[in-house]
Each structure stands twice: as C-alpha cells, then as structure tokens.
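Student: Starting off with a structure, shown below.
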Amino acid sequence: MTARRSIAGLSADLADCAESFCHQYFPEGCKQGNYWQVGDTSGTKGQSLAIRLQAEGGRKAGSWTDYATGEYGDLIDLLHERLGSLTLKETLREARSFLGEASYPAGPRETQRAERPDAASAKRSAQARKLFAAGKPVLSTLAATYLQGRGITRLGPALRYHPRVFLRRDDYDADLPRRVPALLAKITDNRGQITGCARFYLDPSTGSLTSIESPKRILGQLHGHAIRFWSGKTRSDLIVGEGLENTLSVGTALPDFDLASCLTATHLGLFNPPRGIRWVWIARDNDEAGRNASVRLRNQLESLGIACRDLVPSMEDFNDDLQAFGKDALRQSLLGAMIAQGLEIEDG
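Count along the sequence shown starting at 1, add 125, and that's the number in the numbering used here.
Written out as structure tokens, the structure is:
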C-alpha cells in the first residue's frame, strides 16, 4: 500500500465527516446550505472560504475554495494550512487523530467507506475501552519504570499497563503487527466516559519508549477530551497540559491539583473543561506551538467566563525542568508563578 493511496484515503475519510471537521477546526464559521463558510484558512470569521459538506452534482465533499485568494484543495490541504504544520507528516498525524485512527485501517476501502463516520468513531472508542480494560495497574510494571525514569511519581487510575499490545512500525507497514508492551492512558469526556486510549509503546531492554516512528499513538477520539488525574479534593481550578509526561511532571510537583493532559498542542487548544471549573492553568510547552495553543484555549474559555493563566517551563517542557532541577525546585517555581497570577489556596 502506497503513501499516496493512504493520503487519498485519509482525505476521503475526512470528507465523509466534513461538517464535524469544520466544527472542530473552524468554529468561527457557519453553515450555509451545503457549505461551511469562514474567513480564511486560519479560521477567522467571514465568508470568503467555502467548504462543501456533501457531494453534490459530481463535486466532492470536502472540497474548498478561498474566493479571496483563489486557493483551493481538499481537507488535507486545508488542515495543513489551519495547523501551520511544518511537514505533511504532522498534518497526516493530526488527520488520523481526528479520525481516531492509530494506523491505516485494515480491510478493503469499500468496506471502510460503507460505515458511517459516527459508527466508525463509536467502534474505535469501543476498541479503546476494551484495550484499556485489558490492562493492569502500572505499579511494579515496565510502565512505572518508564515514568519513574523520567522523574514522575504522580500516577493514578487513568494509567494502566499491557504487556502485549499490537503494533505496526508505521502506517504503511504491510507486515503482520507484532505485540509490544505499552503504557495505556484512558481519554475521557466530561461525563467520565472513555472515548479513547493513548498507547506509549515501550522497550523492555531500556525501560524507555521503543525506537520506532511515532511510539505514542491514539485509538479513539481525543478532540475536546483529555487524560485526567484527580487530587481527591473539591477544586474549581484545573491544570491543563500538553503531553502526558509534561502534565504528570507538573502533577508530581503539585500533587494537590487536578490535571488534564491533552497530549498535543493542537488538542490543548481544543480542550473542553468540565462544569464548575472557574480557573484554568495552561501548562504549555515553551515553544511557538504551545503559545498558539494557549491563545486558542484562552480565547475559547475566557468567553465562557473562565480565567486562564499560562505556566511556562524554563526549558522546553516541564519534564525537562523536573529532571534538570528536581521536584522541590519545580514546585517552588510553579507555585511562585501561580501566586503571582492570583492563586488562592482553597479549603477542602
């Protein structure tokens, strides 16, 4: 199976759920008949760019045209522009994440297209629940070794370990999948329902991530959801982070705070907080993607009356800070930044 065919398949799958795609990536737009209209590829308000939602008169769903600039293409092209991706590989990874696919789906294309997108999404979420249920607690496992090797001690029931999870080397691997140990992390919505499962494939000989392209993969739905770690206290604030290790590093230093890991900068910007949250601490990475995600999340949440403040590591991410400076120093740094930005100690 060629990469070109895989890209064409992804484009067709995105077109099958074009309206959901538009709601996720272009929320400032609006539906007008069979089109979603938005200002431009960056997602600003307006009507210059039109995305066809359903196939019509021989014209494909997912096709779009920006009548102000003359640009046009399919949803892969549009996603690439929207994300500002540096490489096509990053765009394809995001497309697969949106579709809930960890690898190119097996089976004939005709069979795949016969499933409705919502049915396919539900199927992948069910597979994610089944996989997570098959895992066991992480204590005294290779998963715990991996996390502790990065200085992380904040664990929880959102994490499990499985010694034999199916793995393909990449999305174009024609060989039969092998079984590899993996750290599992459940992705949940605000009702606590499992929508997906993140897999971190591990190397038993080193206790670290296995040496393959994309050792971290997602099965199911992540958009708007997160991997959650509760402190056991009733709080109205929440620390929302990017990667799992980044978020758990903050949680290691601040065990009394609730956490939500969105896994990527893009999904950080799409996070939907639970009811009752009045203050969100955005524990982003110290890079442009982190800054952009923070701005997007802040714009969304502040319009809902939720206060947002950034927490920024000294190095690239908070796991780097944890390993370089230690837990106590990271705690002092985080609390200092939070108090300076209005942190109030809550009772209970």
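Just so you know, even glycine gets a beta-carbon here, dropped at the ideal spot from N, CA and C.
Note that the structure is predicted; figures quoted are calculated from it, not measured.
Work out the CA separation of residue 205 and residue 213 for me, nearest whole Å.
Tutor: Distance between the alpha carbons of residue 213 and residue 205: 7 Å.
Student: What are the uninterrupted segments assigned as beta strand (DSSP E) that are 3 or more residues long and contained completely in the region 136-209, given in chain order?
Tutor: 155-157, 160-163, 174-177 and 189-191
Student: Could you pull the start and end residues of the alpha helix (DSSP H) that residue 390 belongs to?
Tutor: Run containing residue 390: 390-393, per the alpha helix (DSSP H) assignment.
Student: Please list, in chain order, all residues of the same chain as residue 340 whose beta carbon is under 6 Å from its beta carbon, the five residues on each side excluded.
Tutor: 326 and 334
Student: Within its chain, find whatever has a CB closer than 8 Å to the CB of residue 261; leave out the 5 residues flanking it on each side and keep chain order.
Tutor: For residue 261, where only same-chain residues beyond five positions count, the Cβ hits under 8 Å are 285, 286 and 287.
Student: Would the beta-carbon of residue 161 fall within 8 Å of that of residue 144?
Tutor: yes
Student: With residue 208 and residue 219 assumed to form a contact (beta carbons below 8 Å), what rounded beta-carbon distance in angstroms separates them?
Tutor: 6 Å
Student: Please report the residue range of the beta strand (DSSP E) in which residue 270 lies.
Tutor: Here residue 270 belongs to no beta strand (DSSP E); instead the alpha helix (DSSP H) covers 267-274.
Student: Given that a residue counts as buried once 16 or more other Cβ atoms are within 10 Å of its Cβ, and exposed if not, what is residue 381?
Tutor: exposed
Student: Helix, strand or coil: how does DSSP classify residue 278 here?
Tutor: For residue 278, the secondary structure class from DSSP, reduced to helix, strand or coil, is coil.
Student: Among residues of its own chain, excluding the 5 on either side of residue 256, which ones have a beta-carbon nearer than 6 Å to its beta-carbon?
Tutor: 322
Student: What separation, rounded to the nearest whole angstrom, lies between the Cα atoms of residue 402 and residue 384?
Tutor: 12 Å
Student: So, is residue 276 buried or exposed, given that buried needs 16 or more other C-beta atoms within 10 angstroms?
Tutor: buried
Student: Do we get a CB-CB distance below 8 Å when we pair residue 283 with the residues of chain D?
Tutor: Looking for chain D here will not work: only one protein chain is present.
Student: I need the straight-line Cα distance from residue 328 to residue 264, nearest angstrom please.
Tutor: 17 Å
Student: Report yes if the CB atom of residue 168 is closer than 8 Å to the CB atom of residue 197, and no otherwise.
Tutor: Cβ atoms of residue 168 and residue 197: not closer than 8 Å.
Student: Measuring CA to CA, which of 371, 141 and 367 is closest to residue 417?
Tutor: 367
Student: Suppose the cutoff is 8 Å on Cβ atoms and the five residues either side in sequence are ignored; what does the same chain contact list for residue 281 look like?
Tutor: 354 and 355
Student: In the DSSP assignment, find the beta strand (DSSP E) that holds residue 405 and state where it starts and stops.
Tutor: 404-408
Student: By the three-class DSSP mapping on this structure, what secondary structure does residue 283 have?
Tutor: Coil.
Student: Give the secondary structure of residue 132 by DSSP, where H, G and I count as helix, E and B as strand, and everything else as coil.
Tutor: Helix, per DSSP.
Student: Can you tell me where the alpha helix (DSSP H) holding residue 419 begins and where it ends?
Tutor: Membership of residue 419 in the alpha helix (DSSP H) is indicated by the continuous run 413-427.
Student: Less than 6 Å between C-beta atoms, sequence neighbours within five positions excluded: which residues of the same chain meet that for residue 465?
Tutor: none
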